[in-house]
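Asks: One structure, pasted below without further comment.
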């Protein structure tokens, strides 16, 4: 049996009772609701809670709430859920707690696709091009990003010889991602307006998300979430080692490709709408694994909620820290996640010498 200490939890955590799990899920839902309410209330213009409620109920016309803040809050929830879910799945697939949704170059591919979309609009003025790409054409931007991510992952699979070689997949992902980052940088340097439009996007920014983008993200999540939930037992088997999983009769090659496909879809949709937001897909699954144990039937939905909570509160922090201006949310998640990543590296080094 192949044993992977990095993802193995004590038996008392794996066999956690129903009540502790319920408390964890309840806490996540409370944090999600509270963060959503604060996100609707707080901003450059503070709106009284009663006005926010009337706007949500349709009793009062307030475009700041309904057209700016509500799509942003829902977008943060959906993007965070997509990244948390994909991160948990990749950590189980690669049996590595340091894996994240961008491991196979999908983020670099999606960023290249969206940058290409901006480049195709290069004949327009910078401000209008940015508004057209990220406001009027969110579905087009998503598809450019999706195709870029799919192309990157297909290239990684081709270079690594398929989904069976985990180490080759990781190495090919690093190489392909680096090449795509170089191509993205080249496209950005073709015009100053393009640099400004794409640079804000690559830092991770939720202000671009509009109602069509929210609809696209919700559609992707509704389509892929049942697949993840059905594959929870498969990921549980993979934590015991691939040989053990094969002995259980699991078609690992096909299941790995399916997982890579749905993770690519979610990551592409998230990156196309909100840019590259780091560490959400790394931190949320890892923390929740410590709380819930390693059973992916519970860890996957919890990671989706945890990613949503983390990104929602990080976006609120991005609006509070330098108010009335705001930081790109990707900067906040990096400042929070970077030290956490160093802690993981330190802990793994201590564990294995």
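In the working numbering, the protein residues as written are 87 to 439.
Don't be surprised by glycine CBs; every beta carbon is placed ideally from N, CA and C.
#1: Whole angstroms is fine: what's the gap from residue 265's alpha carbon to residue 180's?
#2: Is the distance from the Cβ of residue 231 to the Cβ of residue 196 below 8 Å?
#3: Taking C-beta to C-beta, are residue 169 and residue 393 nearer than 8 Å?
#4: What residues in its chain sit with their C-beta under 7 Å from that of residue 237, if we drop five residues either side in the sequence?
#5: So the alpha helix (DSSP H) residue 180 belongs to, where does it begin and stop?
#6: Under 8 Å between the Cβ atoms of residue 172 and residue 353?
#7: Could you tell me the distance, in whole angstroms, from the CA atom of residue 243 to the CA atom of residue 258?
#8: Looking at the structure shown, is residue 131 part of a helix, part of a strand, or coil, going by DSSP?
#9: Can you list, in chain order, the residues of its chain whose CB lies under 6 Å from that of residue 404, leaving out five sequence neighbours each side?
#10: Mind listing, in chain order, the continuous alpha helix (DSSP H) runs of no fewer than 4 residues lying wholly within the region 321-382?
#11: For the structure I just gave you, are there three or more beta carbon pairs, one from the region 350-365 and one from the region 297-314, closer than 8 Å?
#12: Between residue 127 and the rest of its own chain, which residues show a CB-CB distance below 7 Å, the 5 nearest in sequence each way excluded?
#13: Throw me the rounded Cβ distance for the residue 382 and residue 321 pair, which I believe falls under 8 Å.
#14: Identify whether residue 384 lies in helix, strand or coil by the three-state DSSP scheme.
#15: With DSSP run on the structure shown, which of helix, strand or coil describes residue 400?
#16: Roughly how many whole angstroms lie between the Cα atoms of residue 296 and residue 154?
#17: Could you pull out every residue in the same chain whose Cβ sits closer than 8 Å to the Cβ of residue 323, ignoring the five residues on either side in sequence?
#18: Just confirm the distance between the C-beta atoms of residue 274 and residue 325, as a whole number of angstroms; I'd bet it's less than 8 Å.
#19: Rounded C-beta distance between residue 388 and residue 378? I'm assuming under 8 Å.
#20: When the Cα of residue 422 is compared with those of 436, 406, 397, which residue comes out closest?
#21: Which full runs of the alpha helix (DSSP H) of 4+ residues lie inside the region 271-320, going along the chain?
#22: How close, in whole Å, do the beta carbons of residue 345 and residue 386 come, if the pair is a contact with beta carbons under 8 Å?
#23: Using the Cα positions of residue 182 and residue 252, report the straight-line distance between them to the nearest angstrom.
#24: My understanding is that residue 119 touches residue 401, with C-beta atoms under 8 Å, so please give their C-beta distance in whole angstroms.
#25: Tell me whether residue 436 is buried or exposed, calling it buried when 16 or more other Cβ atoms sit within 10 Å of its Cβ.
Replies: This is what the structure holds:
#1: 23 Å
#2: yes
#3: yes
#4: 195
#5: 156-180
#6: yes
#7: 8 Å
#8: coil
#9: 412, 413, 415, 418
#10: 328-333, 338-360, 366-378
#11: yes
#12: 133, 135, 138
#13: 4 Å
#14: helix
#15: helix
#16: 8 Å
#17: 330, 331, 334, 336
#18: In fact, because the Cβ distance is near 40 Å, the residues do not count as touching under 8 Å.
#19: 6 Å
#20: 397
#21: 278-288, 297-316
#22: Going by Cβ atoms, the distance from residue 345 to residue 386 rounds to 11 Å, so no, they are not a contact pair.
#23: 10 Å
#24: No, residue 119 and residue 401 are not in contact; Cβ-Cβ is about 15 Å, not under 8 Å.
#25: exposed
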